[in-house]
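A.B. asks:
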Amino acid sequence: MPSVMLRKREDGKLLFYIAKKDLEETIESLEFDSPDRWGGEVVLGDGSKYYFEPMDTPPKIPMTLQAKRLSE
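Counting from 2, one number per residue, gives the positions in the sequence shown under our numbering.
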């Protein structure tokens, strides 16, 4: 599972960055995006899908976490 960094762009959208692959994409959808649950399946701008464990509260951004690539 790669380490990914999440950060916000100026327009408020989240960026998903994997240093080892030099991949930086905008997060287009997030499975859980509410005050009581955040995370799950992530769909990137290029169509790639990743998963990270849902959290009880939205994290402080920027942050680094482990994500699993889902098959397409």
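Heads up, the beta-carbon is just placed ideally off N, CA and C, and yes, glycines get one too. The model shown is predicted, which means the values in this text are computed figures rather than measured ones.
Let me check understanding here. Comparing Cα to Cα, which of T27, E25, K9, Y52 lies closest to L66?
C.D. replies: Taking the sequence shown and counting its residues from 1, the one referred to as residue 66 is at position 65. Out of T27, E25, K9, Y52, Y52 has the C-alpha closest to the C-alpha of L66.
A.B. asks: Have a look at K61, L24, R10 and flag the residue whose alpha-carbon is nearest the alpha-carbon of P36.
C.D. replies: Here residue 36 refers to the residue found at position 35 of the sequence shown. Ranking the options by Cα distance to P36, first place goes to K61.
A.B. asks: Let me know the secondary structure DSSP gives K69 once reduced to three states.
C.D. replies: In the sequence shown, counting from the first residue as 1, residue 69 sits at position 68. DSSP places K69 in strand when its eight states are reduced to three.
A.B. asks: When you compare only the Cα positions, how much space is there between L31 and E54?
C.D. replies: As a working mapping, residue 31 is identified with position 30 in the sequence shown. As a working mapping, residue 54 is identified with position 53 in the sequence shown. The straight-line gap from Cα to Cα measures roughly 12 Å.
A.B. asks: What residue from K9, D57, F17 has the CA that sits closest to K50's CA?
C.D. replies: As a first step, residue 50 is located in the sequence shown; it is residue number 49 there, counting from the start. Closest option to K50, Cα to Cα, is F17.
A.B. asks: Is DSSP giving K61 helix, strand or coil here?
C.D. replies: By 1-based counting over the sequence shown, the position of residue 61 is 60. DSSP places K61 in coil when its eight states are reduced to three.
A.B. asks: According to DSSP, E26 sits in a beta bridge with which residue or residues?
C.D. replies: Numbered from its first residue, the sequence shown carries residue 26 at position 25. DSSP output for E26 lists F17 as bridge partner(s).
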